Every structure is written in C-alpha cells, then in structure tokens.
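As structure tokens, the structure follows; a few thoughts come after it.
Residue numbers (this note's numbering): 178 to 243.
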C-alpha cells in the first residue's frame, strides 16, 4: 500500500510540474508573439512599396501626356 501511495504522490507531483511548464510555455509564447508584432515591419514595407508603385505609375502617365 505504501508503494502505491508513493507512486501516486510522485505522479501527482509530476502532473503539477507539467501543468506549471505548460502555463510557462503559454506565457512565453504570448510574450514572443507580442514582441514579433512590435518588430514586424513587413506589412508596412509592403504598403510603402505598393504606394511607391502607384506614385511612379502616376508620374510616368503625367510625363507621357506632356
């Protein structure tokens, strides 16, 4: 009976440790995602390139009409 109780308490301790690790992983994952949103300039870069192309096309059209 003592052996079974020992294994059960060891199992519960491991289960608690696993849950704590999962919570820590979720917290760190959220921090990483927040940091990536702060430093990810790809959407801005794509919009700038799109606007630059529109402006260049507009300038070319203006020059062609002269």
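Note that beta-carbon positions come from the ideal geometry of N, C-alpha and C, so glycine has one too.
A quick note: this is a predicted structure, and the numbers were derived from the prediction, not measured.
As for any beta strand (DSSP E) of minimum length 3 sitting wholly inside the region 197-240, there is none. DSSP places residue 189 in the helix class (H, G or I) of the three-state scheme.
Residue 243 sits in coil when the DSSP states are folded into three classes, being neither helix nor strand.
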